[in-house]
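Before any comments, here is the structure.
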Amino acid sequence: MSETPKFKVTIDNISIEVPAGTTILNAARSIGGEVAPPAMCYYSKLQDSGGKCRTCLVEVSKGSEKDPRPMPKLVASCRTTVMDGMEVKNITSEKVIDARKGVVEFLLINHPLDCPVCDQAGECDLQDLSYDHGTEGTRYEFKRRTFEKEDIGPYISLHMNRCIMCFRCVFAADQLTEKREHGILDRGDHAQISTYLSKALDNDFIGNVIDVCPVGALTDRTFRFKNRVWFTKPMDAHRNCSNPKCCGSVRLWMRGDEVYRVTARKDEWNEVENTPDGKPGWICNECRFEKKETKDWVIEGPTQVRRSSVISQGHYEGTKPTPVLIDTVMGRKPQYTIDIHSVSDVNRPEVELSKIDGPAHSDDFKPTQSDGGLKKWTDKLGKG
Amino acid sequence: MGVKLLLEHDKVEGIRYYDTYRKNGGYRAAEKALKMSPADIVEEVKKSGLRGRGGAGFPTGLKWSFLAKPEGVPRHLVCNADESEPGTFKDRYLMEFHPHLFIEGLLISSFALGSNTTYVYIRGEYAWIPDILEQAIDEAKNNGWLGKNIQGTGFDCEIYVHRGAGAYICGEETALIESLEGKRGNPRMKPPFPAIQGVWMRPTVVNNVETLAAVVPIINLGGDEYAKIGVGKSTGTKLMSACGNINKPGVYEIDMTISVEEFIYSDEYCGGIRNGKKLKACIPGGSSVPILPANLLLKTAKGETRLMNYESMSDGGFVSGSMIGSGGFEVLDEDQCIVKHTMTLARFYNHESCGQCSPCREGTGWMYKILKNLEYGKGKMSDIDLLWDIQRKIEGNTICPLGDAAAWPVAAAIRHFRDEFEWHVLNPDESQKRNYGLAHYADPIHVAASA
Ligand SMILES: Cc1cc2nc3c(=O)[nH]c(=O)nc-3n(C[C@H](O)[C@H](O)[C@H](O)COP(=O)(O)O)c2cc1C
Ligand code: SF4
Ligand code: SF4
Ligand code: FES
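In the order they appear, the protein sequences are chains C and L.
Heads up: the first sequence runs through residues 0 to 383, numbered per numbering that gives the first Met the number 0.
Heads up: the second sequence runs through residues 0 to 450, numbered per numbering that gives the first Met the number 0.
Shown next, in the form of structure tokens:
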């Protein structure tokens, strides 16, 4: 077999080479940072996903080397493949920013404002999206569309009000389980995710729909209202699962010695992470819902969380610096460069949160004489 | 009288049945075509300049030439008979009264494209028409025009009529394909285009009923002769379904050289505005195309007479023109309320959005709610700008053109009838009792003298 040819693509003035057949979105993700358009419906591990939410729209200002004409409309970057010599504008395009604001507004007009009681809060893609790309306030003055809350089986609860119709759970059920038992009923703004006769979703791998759901529409009933995610501490763990399709590597969300919740491991795009041998890390229902004791698991250590996340808890990764020079992207400041420690005295990197008993308290972060006081470590951070 | 190609035998008693159709020259084109090579038929259609009659006006011959022909993979012709665009009812007329013309067109096109299994996807609400078509299919089969080894040529073709379940979106060609496959009628992401991967991932051509019927006169006359009828890129004849406040609503075949004024006022066509009222506005090509006030309908912004064809109707772009679209010609007289009319259309698109993509799913409902407020005297001035902004954020940002189709009517109504919207806001009580009326919408437009 001949090797796939490489195409050169330039996104927001940054050029890279990617194999032919790569989508604009994946090319942008390989650059990283803000250059990667937000994606609410695309999910790299789910075939046919994407194209629906329209948050990932980008402007193609040059089609290719051969046919340099710009594309007449904004395109969904998750479903458009790159051409050799293509030039794409994401955050450098006024049109994209304007259209994306529109999409965020559309996604929010019927979304309930129940973040304070939503289990997804703190790890919700829609919260991040509206924070990064939305506007303050809403122009929508009508009653929001509502549906009844439904428990679809013993493990999963469905809050249709929060659903953004990304179709991910439908693809997940189609592709991961033996038989899909739920789908989309009706159409337009009255369409809903449901089972026809309030059936229980009962299938070895159905729990994964919770992980793929970008919002709090599908949540884990065994974790329901037990805790806010930012009070729990994520730990990477594994067990020898007898289910051959289950990867057995998970994330435990703990508090003290208690396991509150089990999820698959997620990557920086909030997708289920591939295992080291390249397989998607889906987990079975037994691992997710039934193994809630530390003795069930071999704990590998605290999860490295992005610094920007509300769940960071001190053991975060050194944030991947956004490889975007400020002047390349029209003077826009890349995100995540603010150093939280210069404005807040909580969440000091050297304080190991997993060693604190109970919820963290601001006292836990007070600089003490023994570590040289606040000044010393902010200086240290300043030097990198 | 203009040339009649499709409705030539409209007044012939019994033309619906095989024998009468055959006696009146029916299946002559098929006889001729079956002796030609498929490539030559495609060539004739290209020469004819025929443009798709489903709404977008894409050149049919060109579309046919895109059809992929991989070895060993069946190809399909699918006829789009979903006709659900409000104001459009020409396909129904053809299928109901001229089923054999339609089937002859299907047969020739299937032969040209190499489709041994051809589907007619028909709107569910046309409940009585599948029977008519199936009867005609049986007659055609009994006379050797369908089935195995047609007229001894070795070509096999079956036509199946598939009933839709009542969704406008299933008229969008990829949603139609999904629905035909038995799935939820959601439009597909393109590419791949149907010509490469359509029904069951096989190469597929989707064409409108009228488009395929027009293939019959094209073969009879020859592509070049057909192209001589009409003007410019608007060749041949076009069926218009006229409705609204006119004296003679109905389906008319026009050659595309007549003026809009003639079409509305002459006795051969619409017969003028009903009850001696004045013309206020018109949607010339089905509910999705921009509405035009009387003055811009009859004359272009340049002051030229507007003609009933693709080019002239779209003269001025969306700023001062519209589109021929699907040929649904809706006439509004001076007593009609544009706000109410726009609201009704917005309700339709809200109801018919498939809900896949955020701008269309959420935006259509939002526009409808705002328009409802405006119509019922609860609107605010800022609502008009908000509507404009919403439609702008839907247009061009969706998967399929339904989003655009929902945005355009709103945009055009605000563009041309803004003062009527403002009047509703400023006179909430009065607007519940009377309509804004004709106002200045028929006044001659001032054309800047060219230097
Ligand atoms: C929302 C929507 C509805 C449509 N409905 C119809 C229809 O009812 N009939 C039709 O022929 N084309 C309809 N179309 C156009 C088709 O997608 C397609 O362009 C057409 O069938 C192609 O045939 P033609 O080239 O012969 O016009 C619709 C398009 C959209 C976006
Ligand atoms: S329930 Fe969640 S995953 Fe499923 S469509 Fe709605 S938002 Fe997407
Ligand atoms: S534009 Fe509307 S109808 Fe078309 S795919 Fe999107 S939601 Fe569905
Ligand atoms: S992520 Fe591309 S459209 Fe949703």
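Note that beta-carbon positions come from the ideal geometry of N, C-alpha and C, so glycine has one too.
- Between which two residues does the alpha helix (DSSP H) carrying residue 138 of chain L extend? 128–141
- Are residue 327 of chain L and residue 87 of chain L close, meaning C-beta to C-beta below 9 Å? yes
- Item | Proximity to residue 451 of chain L [Cα-Cα], best of L:245, L:304 and L:284 | Because residue 451 of chain L is not part of the residues shown, which for chain L are 0 to 450, the question remains open.
- Message: Using only Cβ atoms and a threshold of 6 Å, which residues come within that distance of a heavy atom of ligand 5? Order them by chain position.
- Response: Looking at this structure, you won't find ligand 5 anywhere; what it does contain is ligand 1, ligand 2, ligand 3 and ligand 4.
- Please list the partners that residue 358 of chain L has in chain C, where partner means a Cβ-to-Cβ separation under 9 Å. 53, 98, 101, 102 and 105
- Go ahead and label residue 143 of chain C buried or exposed: buried means 16 or more other beta carbons lie within 10 angstroms of its beta carbon, across all protein chains shown. exposed
- Item | residue 207 of chain C beta carbon less than 9 Å from that of residue 171 of chain C | Cβ atoms of residue 171 of chain C and residue 207 of chain C: closer than 9 Å.
- Query: So what does DSSP say about residue 159 of chain C, is it helix, strand or coil?
  - Reply: helix
- Query: How close, in whole Å, do the beta carbons of residue 373 of chain L and residue 338 of chain L come, if the pair is a contact with beta carbons under 8 Å?
  - Reply: 5 Å
- Task: With residue 104 of chain L as the anchor, note down where its alpha helix (DSSP H) starts and where it stops.
- Result: 98–112 is the span of the alpha helix (DSSP H), which, as asked, contains residue 104 of chain L.
- Roughly how many whole angstroms lie between the Cα atoms of residue 111 of chain L and residue 205 of chain L? 14 Å
- If you draw a straight line from the C-alpha of residue 242 of chain L to the C-alpha of residue 248 of chain L, how long is it? 5 Å
- Item | Contact list for residue 50 of chain C against chain L, beta-carbon separation under 7 Å | Those are 188 and 398, listed as they occur along chain L.
- Just reading off the beta strand (DSSP E) that residue 280 of chain L is part of, what are its end residues? Looking at the DSSP string, the run of the beta strand (DSSP E) that includes residue 280 of chain L is 278–282.
- Item | Counterpart residues of residue 58 of chain L in DSSP-defined beta bridges | L:50
- Task: Whole angstroms is fine: what's the gap from residue 333 of chain C's alpha carbon to residue 117 of chain C's?
- Result: Any reading at residue 333 of chain C is ruled out, since the residue's pLDDT is 46, under 50, leaving its predicted position unreliable.
- Message: In this structure, how does DSSP classify residue 162 of chain L when only helix, strand and coil are distinguished?
- Response: strand
- Item | For residue 254 of chain C, the three-state DSSP class (helix, strand or coil) | strand
- Message: Any beta carbon from chain C within less than 9 Å of residue 127 of chain L's own beta carbon?
- Response: no
- Presumed contact (8 Å Cβ cut-off) between residue 235 of chain L and residue 225 of chain L, rounded CB distance: 5 Å
- Query: For the stretch 189–211 of chain L, which residues have a CB atom closer than 7 Å to at least one CB atom of chain C, in sequence order?
  - Reply: Closer than 7 Å at the C-beta level to chain C, one finds no residue of the stretch 189–211 of chain L.
- Message: With a threshold of 7 Å on Cβ separation, who are the neighbours of residue 201 of chain L within its own chain once the five nearest residues in sequence on each side are excluded?
- Response: 72, 73, 74 and 75
- Task: Drop a sphere of 10 angstroms on the beta-carbon of residue 298 of chain C, count the other beta-carbons inside from all chains shown, and report buried for 16 or more, exposed for fewer.
- Result: Exposed is the call here.
- Task: Report all residues for which the CB-ligand distance to some heavy atom of ligand 4 is below 6 Å; order them along the chain.
- Result: C:38, C:39, C:40, C:41, C:49, C:50, C:51, C:52, C:53, C:54, C:55, C:75 and C:77
- Using alpha carbons as the reference points, say which of C:192, C:58, C:275 and C:2 lies closest to residue 19 of chain C. C:2
- Is any heavy atom in ligand 1 found nearer than 8 Å to the beta carbon of residue 59 of chain L? yes
- Query: In this structure, does DSSP put residue 23 of chain C in helix, strand or coil?
  - Reply: Secondary structure of residue 23 of chain C (DSSP, three-state): helix.
- So the alpha helix (DSSP H) residue 175 of chain L belongs to, where does it begin and stop? 172–179
- Query: At least one CB of chain L closer than 9 Å to the CB of residue 159 of chain C: is that the case?
  - Reply: Under the 9 Å criterion on CB atoms, residue 159 of chain C is classed as non-interfacial with respect to chain L.
- Task: Evaluate residue 309 of chain L with the Cβ neighbour count: other Cβ atoms within 10 Å of its Cβ, from every protein chain shown; 16 or more gives buried, anything less gives exposed.
- Result: buried
- Item | Run of the beta strand (DSSP E) containing residue 87 of chain C, from where it starts to where it stops | 85–88
- Task: Would you verify that the beta carbon of residue 132 of chain C is, or is not, closer than 9 Å to some beta carbon of chain B?
- Result: Structure shown: chain B not included; protein chains present are C and L.
- Could you name the residues of chain L that residue 195 of chain C contacts, counting a contact when the two beta carbons are closer than 7 Å? Chain L residues near residue 195 of chain C: none, gap ~13 Å exceeds 7 Å.
- Please confirm whether any heavy atom of ligand 1 lies closer than 8 Å to the CB of residue 325 of chain L. yes
- Message: So, at 6 Å on beta carbons, what are the nonlocal neighbours of residue 380 of chain L in its own chain, with the 5 sequence-adjacent residues on each side left out?
- Response: 424
- Message: Quick check on this structure: which residue in L:218, L:131 and L:404 has the alpha carbon closest to the alpha carbon of residue 286 of chain L?
- Response: L:404
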